[in-house]
Amino acid sequence: MRNLFAFIRRFSVLMFFLLLQAVSFALLFRYNKFHQAAYMDTAGEITGAMEVQYSKVDGYFHLKKENQDLRRRLNELQNKLSENFQSPDTTQRIVSDSIPVDTTGTLRKYLYMDAAVVNNSVTQPNNYFTVHRGSKQGVEPGMVVISSNGVAGVVMDVSENFATVMSMLNKQSRISARLKKTGESGRIEWDGVNARRVQLRDIPKSVKLKVGDTVLTSQYSDFPAGIMIGRIQKIILEQSTNNYLLQVEPSNDFSRLQNVFVVANLQRAEQLELEKRVKQKK
0 MRNLFAFIRR
10 FSVLMFFLLL
20 QAVSFALLFR
30 YNKFHQAAYM
40 DTAGEITGAM
50 EVQYSKVDGY
60 FHLKKENQDL
70 RRRLNELQNK
80 LSENFQSPDT
90 TQRIVSDSIP
100 VDTTGTLRKY
110 LYMDAAVVNN
120 SVTQPNNYFT
130 VHRGSKQGVE
140 PGMVVISSNG
150 VAGVVMDVSE
160 NFATVMSMLN
170 KQSRISARLK
180 KTGESGRIEW
190 DGVNARRVQL
200 RDIPKSVKLK
210 VGDTVLTSQY
220 SDFPAGIMIG
230 RIQKIILEQS
240 TNNYLLQVEP
250 SNDFSRLQNV
260 FVVANLQRAE
270 QLELEKRVKQ
280 KK
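Quick note: the sequence shown, position 72, residue 71 per numbering that gives the first Met the number 0, numbers continuous.
Listed below in structure tokens is the structure:
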């Protein structure tokens, strides 16, 4: 208490001056219309600026929830794309099929499940990444993974809640691809050197192409046909094969991979079983 009184005694003149200043300003702005208007304008600008900054800060802390909502809506839209369905054979009188049938009468072929990337590597010869989706959510080995930018990889192993994915940046990766402009098919590989370059092989030299041409997944791929892989950056003619070796810049920046879709081909098991039976007969 003694210290409080000492503080007041020491700064009493300054405190009295500030009090008089406050009273004088209050009287000035209350009874003078010009100063009152100027005060209101200035106060409004300051308040508005503070509200804008508060809105930015508040919005930042809500980004995670908004991002989750956007991913959920994108997942719903992705599953409604016409490319995920096939029309049934209307020439048959009876169709027996266990594949889920949409209300439009089409057969669903692909099912998309959004997933967050929780671990990733891009600097190894054989790169993998992990997603927070597993067997409990319906993920199985062999399912493919894409992002909103294009091809990402193939599921190799799963636990209850996680899945390990072989990245396209893996020397063991093989993806069937085609040129968008001409339709020629080849295969995408990675030489393990540059994370911003993959290689497209088996394109004959008779094909007319140029730098910048688009490369997509082919109909022979486990991926849905027409998924973006990348664009041609360099054209090399292999003398030993007379085929092109095309350097392709991936549409995905794998070092920034965060959110992806695990794609289930609902007809894959049927196709593999049929092909297995044919091989056994040979």
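Beta carbons are placed, not taken as given, at the ideal position from N, Cα and C, and that holds for glycine.
Residue span of the alpha helix (DSSP H) that contains residue i, given as start and end
i: residue 277; result: 267-280
C-beta atoms of residue i and residue j nearer than 7 Å
i: residue 130; j: residue 116; result: yes
i: residue 247; j: residue 231; result: yes
i: residue 166; j: residue 127; result: yes
i: residue 109; j: residue 262; result: yes
i: residue 160; j: residue 204; result: no
i: residue 124; j: residue 191; result: yes
i: residue 215; j: residue 180; result: no
i: residue 132; j: residue 162; result: yes
i: residue 144; j: residue 164; result: yes
i: residue 285; j: residue 194; result: Not covered by the structure: residue 285. The range shown for the chain is 0 to 281.
Span separating the alpha-carbon of residue i from that of residue j
i: residue 237; j: residue 66; result: 46 Å
i: residue 176; j: residue 135; result: 31 Å
i: residue 148; j: residue 255; result: 11 Å
i: residue 146; j: residue 140; result: 18 Å
i: residue 229; j: residue 157; result: 28 Å
i: residue 173; j: residue 280; result: 27 Å
i: residue 213; j: residue 268; result: 30 Å
i: residue 257; j: residue 137; result: 20 Å
i: residue 186; j: residue 168; result: 14 Å
i: residue 265; j: residue 189; result: 28 Å
i: residue 18; j: residue 69; result: 54 Å
i: residue 111; j: residue 223; result: 11 Å
i: residue 251; j: residue 270; result: 29 Å
i: residue 206; j: residue 226; result: 21 Å
i: residue 245; j: residue 114; result: 31 Å
i: residue 253; j: residue 221; result: 20 Å
i: residue 14; j: residue 23; result: 14 Å
Segment limits, beta strand (DSSP E) that includes residue i
i: residue 169; result: 162-169
i: residue 128; result: 125-130
i: residue 246; result: 242-249
i: residue 155; result: 149-157
i: residue 217; result: Per DSSP, residue 217 belongs to no beta strand (DSSP E) and is neither H nor E.
i: residue 210; result: Run containing residue 210: none; DSSP gives neither H nor E here.
i: residue 185; result: 184-188
i: residue 112; result: 109-119
Residue i, DSSP secondary structure in three states
i: residue 226; result: coil
i: residue 198; result: strand
i: residue 232; result: strand
i: residue 177; result: strand
i: residue 19; result: helix
i: residue 193; result: coil
i: residue 239; result: coil
i: residue 254; result: helix
i: residue 144; result: strand
Bridge-paired residues (DSSP) for residue i
i: residue 260; result: 113, 145
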